[in-house]
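First the structure, in the form of structure tokens, and then the observations on it.
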Amino acid sequence: MDLKILKYNAGNIQSVLYALERIGVDAIVTDDHDEIRSADKVIFPGVGEASSAMRYLEERNLDSLLKDLRQPVLGICLGMQLMCKSSEENNTECMGIFEEEVKLFRPEISRIKVPQIGWNNIFDLHTPLFDSVPEKSYCYFVHSYYASLGSHTIATTEYVLPYSAALHRDNFYGVQFHPEKSAAVGEQILRNFIEKI
Amino acid sequence: MLTKRIIPCLDIKDGRTVKGTNFVDLRDAGDPVELGKLYAEQGADELVFLDITATVEKRKTLSELVKRISHQINIPFTVGGGISSVEDVSVLLQQGADKISVNTAAYKRPELLGELEKEFGSQCIVLAIDTRKEDDGEWYVYLNGGRTKTETRCIDWAIKAVSLGAGEILLTSMNHDGTKQGFALDITRQLSDKLSVPIIASGGGGAMKHFLEVFGQGHADAALAASIFHFKEIQIPDLKHYLAENGIEVRR
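Read top to bottom, the protein sequences are chains A and B.
The working numbering applies: residue 16 is where the first sequence begins, and numbers increase by one.
The working numbering applies: residue 10 is where the second sequence begins, and numbers increase by one.
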């Protein structure tokens with residue numbers, strides 16, 4: 016398995032690499048176009064701010080490279096959001112792989128904190144990405160912006176409102192939570208991406 | 010629903026856990042990685058590693074430890090203890106830490122919070138505050154591990170710190186720490202209701218009902234404890250079962 020992790024100006028890339036190591040999978044972190052294009056599968060991780068990440072990708076043509084990939088791609092957190100149509104975070108035009116739009120949580124009750132930090136459950140699970148993952152499993156989330164529900168939603172979570180915990184279109188998958196930090200459930204999801212997708 | 014979090018804290022010196030532990034089933038209970046891994050398996054939601062090493066080799070041992078932790082532990086963890094610069098934080102995050110906590114250094118130079126927020130995002134900045142309620146009924150900020158009193162009210166510092174970039178507050182009540190008589194419900198609730206970021210309550214957790222109180226009356230988002238977990242006075246699965254039975258959403 017030739018697995019590549021896209022390197023760009025976002026945090027948490029190392030955590031994804033270590034999580035893969037824990038389940039016995041080797042991966043290479045790279046921003047080399049040829050290496051990404053020739054990979055069997057690609058992971059597009061990220062923690063950070065949408066507009067600066069998008070600008071960084073565009074300057075290196077990594078956005079068009081990602082959009083043209085035909086092998087399975089898994090976006091994580093900011094990675095998933097950048098694969099959507101747009102983000103309210105500094106009004107950023109994103110890649111448009113998923114039609115869903117990314118919006119800011121606007122709770123009406125002040126006691127609901129933004130960002131959402133912690134463990135929340137995922138439900139209405141579809142696709143083999145969630146094989147052997149029970150409905151209402153808990154995953155670890157850290158985010159202020161969310162992707163709305165839409166035709167590409169394959170998992171739902173509720174915080175302020177129901178939103179997309181995961182998206183899927185063709186060879187592209189995205190998860191809002193951090194599988195690399197979501198204990199055994201997260202490891203199962205990473206394993207599914209490696210083995211079942 | 011977003012759950013309330015249970016966070017064991019491990020004090021580290023020279024790469025080893027400081028407080029004694031009661032884990033006969035561990036090969037090496039002094040190894041923070043082994044202990045942390047056990048807590049993760051038992052259902053801890055996050056871990057905090059607090060380094061109290063004072064030697065010059067501190068930076069190197071800590072970054073090596075963080076690397077070992079992130080290789081082996083599959084839940085989020087925070088690292089704290091003497092962090093005072095963007096460079097300190099950069100090393101720890103690169104080694105795989107999810108969050109870092111700052112305390113005295115941020116109070117002395119509040120711009121540090123803004124620098125960290127700009128560089129890494131507020132989601133990885135935990136501001137630790139040690140606070141004590143004085144005879145005048147106000148909660149004041151203490152520095153240097155509780156040795157130095159300031160004239161700043163806890164609530165004022167917390168509000169300022171969040172506006173500068175702190176993404177979470179780890180609030181330790183010195184009046185309650187070590188007493189096992191329960192958390193400081195009033196100041197925890199005051200901060201939680203006033204601030205838009207999560208509050209981690211610390212200090213005083215000695216019985217399961219104290220956790221129920223701090224989540225219920227105290228409006229805490231997370232609760233942190235050390236020795237009661239290390240000495241198995243409370244087991245994490247039992248605590249979560251108890252909280253769930255009493256209507257608190259927890260991950261199980």
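The beta-carbon is built from N, C-alpha and C at its ideal position, and this holds for glycine as well.
Problem - Residues near Glu115 (chain A) by beta carbon distance below 8 Å, same chain, minus five either side - result: Cys99, Lys100, Ala162, Ser163, Leu164, Gly165, His167, Thr168, Ser179 and Leu182
Practice task
Give the straight-line distance between the Cα atoms of Thr45 (chain A) and Phe192 (chain B), rounded to the nearest whole angstrom.
Solution key: 47 Å
Problem - Nonlocal neighbours in the same chain, by C-beta distance under 7 Å from Lys158 (chain B), ignoring five residues either side - result: Tyr149 and Tyr151
Handout entry: Unbroken stretches of the beta strand (DSSP E), 3 residues or longer, contained in the segment 192-259 of chain B
Key = You should have 208-211 and 231-234.
Handout entry: Nearest candidate by alpha-carbon position, reference Ser205 (chain B), set B:Glu222, B:Lys189 and B:Asp230
Key = B:Asp230
Handout entry: CA nearest to the CA of Phe156 (chain A), picked from A:Leu144, A:Asn136 and A:Asp146
Key = Among A:Leu144, A:Asn136 and A:Asp146, the Cα nearest to that of Phe156 (chain A) belongs to A:Asn136.
Exercise for the section: For Ile132 (chain A), I'd like the list of residues in its chain whose CB is within less than 6 Å of its CB, leaving aside the five on either flank, ordered along the chain. Expected result: Excluding five sequence positions before and after Ile132 (chain A), the CB atoms of its chain that fall closer than 6 Å to its own CB belong to Val157, given in chain order.
Problem - Cβ contact check for the segment 158-174 of chain B and the segment 233-253 of chain B: 3 or more pairs under 8 Å - result: no
Problem - Supposed close pair Pro60 (chain A), Phe208 (chain A) - CB separation, criterion 8 Å - result: Not a contact, Cβ separation roughly 12 Å.
Problem - Rounded Cβ spacing between Pro143 (chain A) and Lys211 (chain A) (contact assumed at less than 8 Å) - result: 4 Å
Exercise for the section: Please work out which residues of its chain come closer than 8 Å, Cβ to Cβ, to Gly63 (chain A), disregarding the five sequence neighbours upstream and downstream, and give them in chain order. Expected result: Asn24, Ala25, Gly26 and Leu93
Handout entry: Test: Phe145 (chain A) CB closer than 9 Å to a CB of chain B
Key = It does not; no Cβ of chain B falls within 9 Å.
Problem - chain A contact for Cys18 (chain B) (CB, 9 Å cutoff) - result: no
Exercise for the section: Would you check if the distance between the CB atom of Gly176 (chain B) and the CB atom of Ile134 (chain B) is smaller than 9 Å? Expected result: A contact, by the Cβ cut-off of 9 Å.
Practice task
Output the distance between the C-alpha atoms of His228 (chain B) and Gly146 (chain B), rounded to the nearest integer angstrom.
Solution key: 20 Å
Practice task
Please compile the residues from chain A whose C-beta is within a distance smaller than 8 Å of the C-beta of Leu71 (chain B).
Solution key: Those do not exist, as Leu71 (chain B) stays about 16 Å from chain A at its closest Cβ, beyond 8 Å.
Problem - Partners in chain A for Thr12 (chain B), counting only beta-carbon separations shorter than 9 Å - result: Gly133, Trp134, Asn135, Asn136 and Tyr153
Practice task
Find out if the Cβ-Cβ distance for the pair Ala235 (chain B), Asp54 (chain B) is shorter than 9 Å.
Solution key: no
Practice task
Give me whichever residues DSSP pairs with Arg121 (chain A) in a beta bridge.
Solution key: Partner(s): none; Arg121 (chain A) has no beta bridge.
Problem - alpha helix (DSSP H) runs wholly inside the segment 144-182 of chain A, at least 4 long, in chain order - result: DSSP runs (the alpha helix (DSSP H)) wholly in the segment 144-182 of chain A: none.
Handout entry: Where the beta strand (DSSP E) through Ser182 (chain B) begins and ends
Key = Glu177 to Ser182
Problem - When B:Ile92, B:Leu56, B:Lys67 and B:Phe129 are compared against Ser79 (chain B), the one with the closest alpha-carbon - result: B:Leu56
Practice task
If I'm right that Phe120 (chain A) touches Tyr174 (chain A) with Cβ under 8 Å, what's the distance once you round it to whole angstroms?
Solution key: 7 Å
Problem - Sheet register partners of Trp134 (chain A) (DSSP bridge) - result: Per DSSP, A:Tyr155.
Exercise for the section: Kindly indicate which residue of B:Thr113, B:Arg118, B:Val75 and B:Ser182 has the alpha-carbon position closest to the one of Glu143 (chain B). Expected result: B:Ser182
Exercise for the section: Check the Cβ-Cβ distances between Gln244 (chain B) and every residue of chain A, and say whether any is below 9 Å. Expected result: no
Exercise for the section: Would you kindly check if the distance between the Cβ of Val88 (chain B) and the Cβ of Ala106 (chain B) is under 9 Å? Expected result: yes
Handout entry: According to DSSP, residues forming a beta bridge with Cys18 (chain B)
Key = B:Val57
Problem - Residue interval of the alpha helix (DSSP H) (run including Leu136 (chain B)) - result: Premise fails: Leu136 (chain B) lies in the beta strand (DSSP E), Ile134 to Lys142, not in any alpha helix (DSSP H).
Problem - Residues of its chain near Arg215 (chain A), where Cβ-Cβ distance is below 6 Å and the 5 sequence neighbours each way are ignored - result: Residue numbering for chain A in the displayed model covers 16 to 212; residue 215 (chain A) lies beyond these limits and cannot be assessed.
Handout entry: Closest residue to Asp47 (chain A) among A:Val40, A:Leu21 and A:Val31 (Cα-Cα distance)
Key = A:Leu21
Problem - N-terminal and C-terminal residue of the alpha helix (DSSP H) that Ser172 (chain B) is part of - result: Cys163 to Leu173
Handout entry: Per-residue contacts from Asp40 (chain B) into chain A (C-beta, under 7 Å)
Key = Chain A residues near Asp40 (chain B): none, gap ~17 Å exceeds 7 Å.
Exercise for the section: Starting from Thr12 (chain B), follow its DSSP beta bridges and name the residues at the other end. Expected result: For Thr12 (chain B), no pairing in a beta bridge is given by DSSP.
Exercise for the section: Determine the contact status of His113 (chain A) and Gly189 (chain A), defining contact as a CB-CB distance below 9 Å. Expected result: Sequence check: residue 113 (chain A) is Phe here, not His. A contact, by the Cβ cut-off of 9 Å.
Exercise for the section: Check whether the Cβ atoms of Asp17 (chain A) and Ser53 (chain A) sit closer than 9 Å, and answer yes or no. Expected result: yes
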